[in-house]
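Student:
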Amino acid sequence: MTTTNEEYLVNYLEEQLEHYQNIYGSNLNKRFLKFYEGMPAPLDKLFAFFHESFNGLLNYLNTKSQSGHYNADESRMLYKLITDINTLQDHTIDTPFAFELNSNYSQYLGYCKTFLRTSGGSPLPNAFIPAKLEEINPIFTLKSGITAVRSTSIFTFPAEEIGGGSYAIVYKYLDPLYDHEFAYKQALDDLTEDEKERFYREFDVMKNLNHPFILDVYSLNKEQNYYIMECVDETLEDYVEQHSDHKFINEKLMFVRQICNAFQYIHSKEILHRDISPKNILIKHLDGSKMIKVSDFGLVKIPGSKLTRFGTELKGSLNDPHLGLTGFKNYEMCHETYALTRLIYYIFTSRLDDGSFTNPLFEEFFRKGTHFETVYRFASTKELATAFFEDVAPSLAVSGI
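So for the sequence shown, the UniProt record's numbering puts the first residue at 1; every next one is plus one.
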């Protein structure tokens, strides 16, 4: 969405807020305002207004269960506000202001519209269902936002989508308490139970890995199916696309060393990543320097673990295509070093496919790492790293790729 359209939307929301304040008064309850601290303006005040208004009107509705009749003014106002909140939702779809209403409230307000009338009051159904009110938690949340519980309060922080894949979307947000950016990975709503288990296992695996070149994860929320993690600046794919010049060779060598260090550590834990790709290797910027962060452990293979049953189809842009014949479940170290060899080649050439070489040492390294016969490939990341840094790296400045 363009900035201009966002400005139009903000103006529209501000006009709606002013309209409600002119009709119903401008004094908003501080308790309801506190529920929506951190929300972008003017949604914070609009949400506080609707929350307070719905609670007041529904509480009054509950008192009418004996008489069986809801007064005309309150009936008309509740009907209008239900219509208005639905309209606001429609106008904010696919924008940073898109929001959701608590499912209990959403269902109950829909129930109310089946009997509310705009004149003469509303007769209540014979089997009237009283409303359950939310007085201590927010009922509105941003679709691209994250809710955090802090001792005595609950806050919702606006978030920005920064990536995604086949089973999750990644967002970043600023936590004002820590004045620090975090990211969170939100599982898609339509995941199967096996896919959700894979998502939870990914978090568990990463939580148990402690290495400077592996992405940190912090907490998992199984109720809302997301986990909070370290926020980084770009993917390796982004970096390579913007740094094809030969002058970045030393920085790229640093990245290769960091990647090898990370995978030596991963393999020391008897874990195979199985999804090595330029999108899954991230880069964090730190005070003028850069650091690799390996991510996306959803397809890991752990000997003796049920986790190996997840992801039996061949995935990963750099994986050995012969796995399509042998079976992804038979993925071994020789396939991991195959993908790492191709990743290193990609870092220096920007190519995912094979190309020509001017450097015979680099070509020899590449041919060994991707040899058709798996027994001739590098047997470990350590062997791969030694071959690259002892033979290939010193030759790059003179012979190129």
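Ideal placement from N, C-alpha and C gives every residue a C-beta, glycine not left out.
#1: For Thr337, tell me which candidate among Asp353, Asn319, Leu109 has the shortest Cα-Cα distance.
#2: Run the CB neighbour count on Thr152, radius 10 Å, all protein chains shown included, and call it buried at 16 or more, exposed below.
#3: Taking 8 Å as the threshold, find out whether the stretch 281 to 300 comes into contact with the stretch 251 to 264 through three or more Cβ pairs.
#4: Helix, strand or coil, according to DSSP, for Asn225 in the structure here?
#5: Leu9 by DSSP, collapsed to three states: which one?
#6: Looking only at its own chain, which residues have a Cβ that is under 6 Å from the Cβ of Phe47, when we skip the five neighbours before and after it?
#7: Considering only the beta carbon of each residue, do residue 444 and Ser53 sit closer than 8 Å?
#8: So what's Phe213 in DSSP terms, helix, strand or just coil?
#9: Would you mind stating whether Leu396 and Ile249 have Cβ atoms separated by less than 8 Å?
#10: Considering just the uninterrupted stretch of the beta strand (DSSP E) at Met291, what are its terminal residues?
#11: Between the Cα of residue 418 and those of Leu116, Asn102, Glu160, Cys112, spot the shortest distance and give me the residue it belongs to.
#12: State yes or no: is the C-beta of Thr341 within less than 8 Å of the C-beta of Gln264?
#13: Ignore the nearest five residues each way along the sequence and tell me which others in Ile93's own chain have a CB closer than 6 Å to its CB.
#14: I need the straight-line Cα distance from Tyr171 to Tyr184, nearest angstrom please.
#15: Under 8 Å, do Lys301 and Leu323 count as touching if we go by C-beta distance?
#16: From the DSSP output, read off the bridge partner residues of His69.
#17: Would Val398 and Phe365 be called neighbours here (beta carbons separated by less than 8 Å)?
#18: Grab the span of the alpha helix (DSSP H) containing Tyr108 for me, first residue to last.
#19: Give the DSSP-derived three-state secondary structure of Val300 in the structure shown.
#20: Name the residue from Pro130, Ile129, Cys112 whose alpha carbon lies nearest to the alpha carbon of Ser122.
#21: Could you compute how far the alpha carbon of Glu202 sits from the alpha carbon of Ile228?
#22: Just to check my reading of the structure: Glu378 and Gly369 have Cβ atoms closer than 8 Å, yes? What is that Cβ distance to the nearest angstrom?
#23: One question on the structure: do Cys231 and Glu160 come within less than 8 Å of each other, judged by their Cβ atoms?
#24: For Ala72, which of Tyr60, Thr83, Gln66 has the nearest alpha-carbon?
#25: Helix, strand or coil for Val170, going by three-state DSSP, please let me know.
#26: With C-beta atoms as the reference, is Leu142 less than 8 Å away from Met39?
#27: Within 10 angstroms of the Cβ of Lys45, are there 16 or more other Cβ atoms? Answer buried if so, exposed if not.
#28: My understanding is that Arg274 touches Tyr331, with C-beta atoms under 8 Å, so please give their C-beta distance in whole angstroms.
#29: Would you tell me roughly how many angstroms separate the C-alpha atoms of Leu17 and Ala131, rounded to the nearest one?
#30: Helix, strand or coil: which one does DSSP assign to Phe255?
#31: Closest to Asn86 by C-alpha separation, out of Gly68, Ser67, Ser106, would be which residue?
#32: So the candidates are Ala262, Ser244, Asp296; which of them puts its Cα closest to the Cα of Phe199?
Tutor: Walking through what the data contain:
#1: Asn319
#2: Because Thr152 carries a pLDDT of 49, less than 50, the predicted location of this residue cannot be relied on, and the following value inherits that uncertainty. The residue is exposed, with fewer than 16 neighbouring Cβ atoms inside 10 Å.
#3: yes
#4: coil
#5: helix
#6: Tyr36, Phe140
#7: This structure cannot settle anything about residue 444, because the visible part of the chain is limited to 1 through 401.
#8: coil
#9: yes
#10: 289 to 294
#11: Residue 418 is absent from the model: the chain starts at 1 and stops at 401.
#12: no
#13: none
#14: 5 Å
#15: no
#16: Pro123
#17: no
#18: 103 to 112
#19: coil
#20: Cys112
#21: 12 Å
#22: Contrary to the premise, residue 378 reads as Phe rather than Glu in this sequence. Sure, about 6 Å apart at Cβ, within 8 Å.
#23: no
#24: Tyr60
#25: strand
#26: yes
#27: buried
#28: 5 Å
#29: 26 Å
#30: helix
#31: Ser106
#32: Asp296
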